[in-house]
Amino acid sequence: MVLVVDLLSRAIGIYSWALIIYILMSWFPNARETSIGRFLARICEPYLEPFRKIVPPLGMIDISPLVAFLVLNLATRGLHQLAVWVN
1 MVLVVDLLSR AIGIYSWALI IYILMSWFPN ARETSIGRFL ARICEPYLEP FRKIVPPLGM
61 IDISPLVAFL VLNLATRGLH QLAVWVN
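Here full-length UniProt numbering is used: position 83 in the sequence shown is 83, and no number is missing along the way.
Next up, the structure:
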């Protein structure tokens with residue numbers, strides 16, 4: 001069980017970094033049109049889209065990625081608590 005939790009935690013960590021890179025790419029013109037930008041869009045947009053529907057933007061600032069990171073953090077903590085509870 002610990003191995004599964006560790007693997008899922010690492011996957012969530014890698015996905016979090018992918019989200020960070022994808023979000024930072026929005027600061028640079030045409031960065032999302034590169035092959036890396038398109039790849040990150042394919043893996044990040046399906047996760048971010050539900051949060052964008054729920055959390056309205058504050059002017060020009062989109063805070064939905066912050067909520068998405070919070071959910072990933074809660075998922076990681078929940079996995080660790082599950083591992084503690086099972087053991």
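Just so it is clear, CB atoms sit at the ideal spot from N, CA and C, and this is done for glycine as well. Small disclaimer: the values here were computed from a predicted structure and weren't measured.
Taking only the alpha-carbon atoms, compute the straight-line gap between Pro50 and Gln81 and give it to the nearest angstrom. Taking the first residue of the sequence shown as 1, we reach residue 50 at position 50. Taking the first residue of the sequence shown as 1, we reach residue 81 at position 81. Their Cα atoms are separated by approximately 26 Å.
In chain order, what residues of the same chain lie with their CB nearer than 6 Å to the CB of Leu19, ignoring the 5 residues before and after it? The sequence position of residue 19 within the sequence shown is 19, counting from 1. Within the same chain, Leu19 has close Cβ partners Cys44.
Sorted by chain position, which residues of the same chain lie with C-beta nearer than 8 Å to Ala68's C-beta, five sequence neighbours on each side aside? As a position in the sequence shown, residue 68 is number 68, starting the count at 1. The residues are Leu19, Tyr47, Leu48, Phe51.
Same chain, Cβ closer than 8 Å to residue 92, neighbours up to 5 away in sequence not counted: Here the chain has residues from 1 to 87 only, and residue 92 is not among them.
Output the boundary residues of the alpha helix (DSSP H) element that contains Leu7. For the purposes of this step, residue 7 is taken as the residue at position 7 of the sequence shown. Per DSSP, Leu7 belongs to the alpha helix (DSSP H) from 2-25.
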